[in-house]
Amino acid sequence: MSTFLDTIRQDTVQDYILDIRGYADETTLEVRPEHILVVLDILKNKFGFNYLADMTASDHYTDEKRFEVSYNIVSHAHQQRLRVSCRVEEDQPELETAIGLWPGAAWHEREAYDMLGIVFRGHPDFRRMYLPEDFQFFPLRKEYPLLGIPGSISLPEKDGPKEYK
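What the sequence shown shows, in the numbering used here, is residues 236 to 400, in sequence order.
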């Protein structure tokens, strides 16, 4: 992968990359949130990363740039895997949608919104996946209680024991 990274380092995409990290044979490019689509577009169309394997988000629970959004992309032609990540602030956790590059990003983006509250501008079907639309909380945020918030969501009535047939 080092020769591949050398190629990336010599390209104009380098202007958008803040950091390149490696851990356990995985490489992560960190970029600014305002450049995430530019970098993903270059990696897809110029370097052949044609497959979005996964997109996820995590809460680092820090004062600055609390949330990290990571795109795990694959180049089948070069047999390379790459993670591209960016950090967004807690007070305005927003990014542009990546659906124009990979339509499958729609589900990942909806999940990141539903669980962490990260908004993806331009998403054509932006609604919650798991929780009711009027639910006011985001369960994967670190301050959310492990047992949930009593009364925040109505639960179905419990059925009594059923006879085994």
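Every residue, glycine too, gets a C-beta built ideally from N, C-alpha and C. Given the structure is predicted, the values throughout are model-derived calculations rather than measurements.
Just measuring C-alpha positions, the residue of His-295, Arg-301, Asn-307, Leu-272 sitting nearest Leu-287 is Asn-307.
For Ile-277, the enclosing alpha helix (DSSP H) has its first and last residue at 271-280.
Annotation: Ser-293 to Trp-337 spans about 21 Å, alpha carbon to alpha carbon. According to the DSSP assignment, Glu-344 belongs to the alpha helix (DSSP H) that extends over 340-351. With 16 or more other CB atoms across the displayed protein chains lying within 10 angstroms of its CB, Asp-349 is buried. Distance from the Cα of Trp-342 is smallest, within the candidate group Glu-324, Glu-303, Arg-363, for Arg-363. Burial state of Ala-347 is buried, judged by a 10 Å Cβ sphere holding 16 or more other Cβ atoms. The beta carbons of Val-309 and Cys-321 sit no closer together than 7 Å.
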